[in-house]
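Mapping of the sequence shown onto this note's numbering: residues 198 to 336, in sequence order. Glycine is no exception: its CB is placed at the ideal position from the N, C-alpha and C atoms. Report on one structure; see the data block that follows.
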Amino acid sequence: VVHFDDAPLEKGCIRVVPGSHKLGMIEHLPEGGWHLPFSQYPIESSVPCPAEAGDVLFFSYLTIHGSGINTSNEARTTLLVQMRDPMDPPVKLTHLSRGQGMMLRGIDPSGRHYPMSEADAVRAQGPTMGGAMGGEPTM
C-alpha cells in the first residue's frame, strides 16, 4: 500500500493482525465476499499502522487487515499494489480490475492471464531436442 498522504489514526489508517497470515485462508462472509465475521475478528484487536505520505506498507494477502473510519475532513488516498506468482491463482474473484493479472516481467507460464502465442509457449518450455522442425535444437 503506497500512501499519497498522511494516514494517522484519525483517518482510519490500515490495521493488521500480526501473525494472522499463518492461519492460511479464512472463510469470508458470503455477502460482500471480502469481509470476515466481525464477532470473530474485531478490528479493535488489530494493530494500527499509521503512515506518512510516501510510506509503503507490505504484507501478505493472508494477513487479516482492514481500516478504521476516517473521522477527519481529509481524504485517505493510497495505491494498492498486489503481486503474486502467476501459478498462484486467485482463490475468489473479488476486487476485480483491468490490471489484475498483468505480468510485470516474463511470460505467464499458466497462460491464464494473457493468451500465449504458439511461439511464446514453445519458448516458455525452454530448449528442446530436435527443434521445431525436427532438426537443430531450439533456443
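Problem set entry | Cβ-based burial, T268 [other Cβ within 10 Å; buried from 16] | exposed
Exercise. Among residues of its own chain, excluding the 5 on either side of D203, which ones have a beta-carbon nearer than 6 Å to its beta-carbon?
Worked result: The residues are E249, A250.
Exercise. Is H262 helix, strand or coil by DSSP?
Worked result: It is a strand residue.
For this session: Within the same chain, show all residues whose beta-carbon is closer than 7 Å to that of F256, passing over the 5 residues directly before and after it, in chain order.
Result: V213, H262
For this session: Just tell me which of L220, H218, Q237 has its CA closest to the CA of L226.
Result: Closest option to L226, judged by alpha-carbon separation, among L220, H218, Q237: Q237.
Problem set entry | Under the three-state DSSP convention, the category H200 falls into | strand
Exercise. By DSSP, does I223 sit in helix, in strand, or in coil?
Worked result: coil
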